[in-house]
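**Student:** In the working numbering, the protein residues as written are 137 to 618.
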Ligand code: F0G
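1. Taking one C-beta from the region 443-451 and one from the region 137-153 each time, how about it: are there three or more such pairs within less than 8 Å?
2. Examine the ligand F0G and report whether any of its heavy atoms sits within less than 7 Å of the Cβ of residue 244.
3. If you measure from the CB of residue 107, is any heavy atom of the ligand F0G nearer than 7 Å?
4. According to the neighbour-count rule (16 or more other Cβ atoms, all chains shown, within 10 Å of its Cβ), is residue 505 buried or exposed?
5. Got a sec: does the ligand F0G put a non-hydrogen atom nearer than 7 Å to the Cβ of residue 552?
6. Per the contact definition of three or more C-beta pairs closer than 8 Å, is the region 541-558 in contact with the region 485-503?
7. Which ranges does the beta strand (DSSP E) cover as unbroken runs of at least 3 residues, wholly within the region 465-553, from first to last along the chain?
8. Quick one, are the C-beta atoms of residue 361 and residue 398 less than 8 Å apart?
9. CB-CB under 7 Å to residue 269, same chain, minus the five flanking residues each way: which ones, in chain order?
10. With DSSP as the reference, please indicate the residues paired to residue 282 in a beta bridge.
11. Cα separation between residue 199 and residue 460?
12. Please confirm whether any heavy atom of the ligand F0G lies closer than 7 Å to the CB of residue 284.
13. Output yes or no for whether 8 Å exceeds the beta carbon distance between residue 582 and residue 435.
14. Assuming residue 512 and residue 178 make a contact with CB atoms under 8 Å, what is their CB distance in whole Å?
15. Is residue 326 near the ligand F0G - that is, is its Cβ less than 7 Å away from at least one heavy atom of it?
16. Flag residue 362 as yes when its Cβ comes closer than 7 Å to any non-hydrogen atom of the ligand F0G, and as no otherwise.
17. For residue 499, count neighbouring C-beta atoms within 10 Å of its own C-beta (all shown protein chains included) and say buried if the count is 16 or more, exposed if not.
18. Answer yes or no: the CB of residue 333 versus the heavy atoms of the ligand F0G, is any distance below 7 Å?
19. Consult DSSP for residue 359 and reduce its assignment to one of helix, strand or coil.
20. Per DSSP, which one or two residues make a beta bridge with residue 241?
21. Give a single yes or no on whether residue 401 has its beta carbon closer than 7 Å to a heavy atom of the ligand F0G.
22. For residue 555, which of 579, 468, 617 has the nearest alpha-carbon?
23. Check whether the Cβ of residue 449 lies closer than 7 Å to any heavy atom of the ligand NAP, and answer yes or no.
24. Please indicate yes or no: does the CB of residue 485 lie closer than 7 Å to some heavy atom of the ligand F0G?
25. Rounding to the nearest angstrom, what Cα-Cα distance links residue 587 and residue 378 in this structure?
26. In chain order, what residues of the same chain lie with their CB nearer than 7 Å to the CB of residue 153, ignoring the 5 residues before and after it?
27. For residue 138, which beta-bridge partners are listed by DSSP?
28. By DSSP's criteria, residue 598 is part of a beta bridge. Which residues make up the other side?
29. If you follow the beta strand (DSSP E) that residue 293 is in, where does it begin and where does it stop?
30. The ligand F0G heavy atoms versus the CB of residue 265: any closer than 7 Å?
31. Does the distance from the CB of residue 609 to the CB of residue 576 come in under 8 Å?
32. According to DSSP, simplified to helix, strand and coil, what is residue 288?
33. Which residues in the same chain have their Cβ closer than 6 Å to the Cβ of residue 444, if we skip the five residues on either side of it in sequence?
34. At what residues does the alpha helix (DSSP H) containing residue 311 begin and finish?
35. For residue 522 and residue 203, I'd like the C-alpha separation in whole angstroms.
36. Following a CB-centred definition, is residue 194 positioned closer than 7 Å to any heavy atom of the ligand F0G?
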């Protein structure tokens, strides 16, 4: 897909695919949407899909699949051990990253579990550009801690920095010196850095980090779940890669890393995951854990049909026409919102459009979860489901006090090649309405709070009757319209 210039001078994102299978969706009246939000404990994870108009919770496992992926599913070789499907998938991955060994796992966090069990010891520290929720949970579970070394610019909501996901090399050198290399479990680079707004890492930065890790004898782990968005920006924003094939770029990334792992719910547009390494010692250690926690070595807890779809999806993920739709749609939505003065993370990244709830709801203190409140309000205003990426997504500190997040973001994720441009315009319109009525949005507090990963199934309640006020204002402004 490309941003195509029209005769009128306007640029439009032009889809390089056609839609041949569709799913009907419902747009419920605003009163019903408010009721559903209340029944879901003001947690968008607890909404029912049938009540949602546009599901922008995540791109995980909900990307559109190609006809070739569906076709491949039919030739899946069902067997407990030695399935041909495994060998096909293994070959695709080995070629793609140039790495020797592949271990299958049922999804990204299962890979994180195996890697943490292998490399993290009580008291050790994992250095990374930025954490992801499940990554951190697995490292902490093994008694380790994480330390984030992303460049300071990453925390500026509005920025011109093309690679906000880069690791700060001075911080890395300093952290290695401070901890001593024996204490460092591994260094981790996350492609398309999720929690800071889907922000990419430059190849140059990966090379620098890899040189340091090799010199110090520290293992370098690469989370490739959001690789395709990262590749798009490597080509677009890094001059020396402008004319380099995506396959070559991916091979170079593989050559810099000791371990590559990924969620195939994102990379490969199927459902599954996997770990790659060329390090025999690491491979033999991790190999023992796969049958214990995942399944036999030739399926790792995945359905063979999904593995076939993944093998094709991975090859398609090196096609610029396929991978560019998300970042181009993210940019289109960000630009529509910015034009109305709505604060979003810039430059637009991959994965989704990220609204800064600290500014949008500047009247809500961080202890009352502005990003969670905004997620609930957006659903009431539009039927669009986003995801809170702020303090609710953090875990309380050991003494029970809140760990206030660096950023309070509402993420509106774009499942790959699922939505249309008129749907993007609808989202922008309803959020613009909400912005002009933002003083109505109030805070949230926990009603039921799980200890671990509380954002998944914790229940909250509003402070005051702000949802009802929002519904009344909506009716006043939109009349009978949905
Ligand atoms: N790493 C990154 C960067 C991720 O974004 C995710 C999942 C995982 C690891 C874990 O993979 O879900 O297959 O176990 N991210 C999803 C999201 C859940 O919505 O951003 P998983």
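By construction, the Cβ of each residue, glycine as well, lies at the ideal position given by its N, Cα and C atoms.
**Tutor:** On the basis of the data shown:
1. With a cut-off of 8 Å on Cβ pairs, the region 443-451 is not in contact with the region 137-153, counting fewer than three such pairs.
2. Position 108 of the chain shown, counting from 1, holds the residue named residue 244. Inclusion of residue 244 in the 7 Å shell around the ligand F0G follows from its C-beta lying nearer than that to a non-hydrogen atom of the ligand.
3. For the chain, the structure presents residues 137 to 618; residue 107 sits outside this window and is missing.
4. If you number the chain shown from 1, residue 505 lands on position 369. Residue environment analysis places residue 505 among the buried positions, since at least 16 neighbouring C-beta atoms fall within 10 angstroms of its C-beta.
5. Indexing the chain shown from 1 puts residue 552 at position 416. Not under cutoff, so the answer is no.
6. The answer is yes - the region 541-558 touches the region 485-503, with three or more Cβ pairs under 8 Å.
7. For the region 465-553, the full-length beta strand (DSSP E) segments reaching 3 residues or more read 488-492, 523-525, 545-549 along the chain.
8. Residue 361 sits at position 225 when you count from the first residue of the chain shown. Residue 398 sits at position 262 when you count from the first residue of the chain shown. With respect to residue 398, residue 361 sits close: the two C-beta atoms are nearer than 8 Å.
9. The count along the chain shown starts at 1 and reaches residue 269 at position 133. Within the same chain, and ignoring the five residues on either side of residue 269 in sequence, the residues whose Cβ sits closer than 7 Å to its Cβ are 529, 589.
10. Start at 1 with the first residue of the chain shown, and residue 282 comes out as number 146. Note: residue 282 sits in a beta bridge opposite 262.
11. Taking the chain shown and counting its residues from 1, the one referred to as residue 199 is at position 63. Taking the chain shown and counting its residues from 1, the one referred to as residue 460 is at position 324. Cα atoms of residue 199 and residue 460: separation of roughly 13 Å, rounded to the nearest angstrom.
12. Mapped onto the chain shown, residue 284 falls at position 148. Flag unset: Cβ of residue 284 not near the ligand F0G.
13. Reading the chain shown from its first residue, position 446 is the one you call residue 582. Reading the chain shown from its first residue, position 299 is the one you call residue 435. No, Cβ-Cβ distance for residue 582 and residue 435 is not below 8 Å.
14. Residue numbering aside, residue 512 sits at position 376 when the chain shown is read from its first letter. Residue numbering aside, residue 178 sits at position 42 when the chain shown is read from its first letter. Contact between residue 512 and residue 178 holds, with the beta-carbon distance rounding to 5 Å and staying under 8 Å.
15. Within the chain shown, residue 326 is the residue found at index 190, counting from 1. Under cutoff, so the answer is yes.
16. Counting from 1 along the chain shown, the entry for residue 362 is found at position 226. Flag set: Cβ of residue 362 near the ligand F0G.
17. Within the chain shown, numbered from 1, the residue matching residue 499 stands at position 363. The C-beta of residue 499 has fewer than 16 other C-beta atoms within 10 Å across all chains shown, which makes the residue exposed.
18. As a working mapping, residue 333 is identified with position 197 in the chain shown. Residue 333 has its Cβ no nearer than 7 Å to any heavy atom of the ligand F0G.
19. Numbered from 1 along the chain shown, position 223 holds the residue referred to as residue 359. In the structure shown, residue 359 sits in a strand (DSSP, three-state: E or B).
20. Taking the first residue of the chain shown as position 1, residue 241 is located at position 105. Residue 241 is bridged to 409.
21. As a position in the chain shown, residue 401 is number 265, starting the count at 1. Checking the Cβ of residue 401 against the ligand F0G gives yes.
22. Indexing the chain shown from 1 puts residue 555 at position 419. Residue 468 is the option with its Cα nearest to residue 555.
23. As far as ligands go, the structure on display features the ligand F0G and does not contain the ligand NAP.
24. Along the chain shown, one-based indexing puts residue 485 at 349. Taking the Cβ of residue 485 as the reference point, every heavy atom of the ligand F0G lies at 7 Å or farther away.
25. Stepping through the chain shown from its first residue, residue 587 is reached at position 451. Stepping through the chain shown from its first residue, residue 378 is reached at position 242. Each residue's alpha carbon lies about 46 Å from the other.
26. Position 17 of the chain shown, counted from the start, is the residue given in the question as residue 153. Correct list, in chain order: 553.
27. Locating residue 138 in the chain shown gives position 2, counting from the first residue. Beta-bridge pairing links residue 138 to 150.
28. What you label residue 598 is simply residue 462 of the chain shown in a count that begins at 1. Answer is 580, bridged to residue 598.
29. Looking up residue 293 in the chain shown gives position 157. Run containing residue 293: none; DSSP gives neither H nor E here.
30. Here residue 265 is taken as the residue at index 129 of the chain shown, counted from 1. For the ligand F0G, not one heavy atom lies less than 7 Å from the Cβ of residue 265.
31. For the purposes of this step, residue 609 is taken as the residue at position 473 of the chain shown. For the purposes of this step, residue 576 is taken as the residue at position 440 of the chain shown. One thing to note: residue 609 has its Cβ within 8 Å of the Cβ of residue 576.
32. The count along the chain shown starts at 1 and reaches residue 288 at position 152. Under the three-state reduction of DSSP, residue 288 is assigned to helix.
33. For the purposes of this step, residue 444 is taken as the residue at position 308 of the chain shown. Result list for residue 444: 208, 209, 212, 221, in chain order.
34. For this step, residue 311 is matched to residue 175 along the chain shown. For residue 311, the enclosing alpha helix (DSSP H) stretches over residues 305-315.
35. What you label residue 522 is simply residue 386 of the chain shown in a count that begins at 1. What you label residue 203 is simply residue 67 of the chain shown in a count that begins at 1. As the crow flies, the alpha-carbon of residue 522 is around 28 Å from that of residue 203.
36. Locating residue 194 in the chain shown gives position 58, where the first residue counts as 1. Residue 194 Cβ: within cutoff of the ligand F0G.
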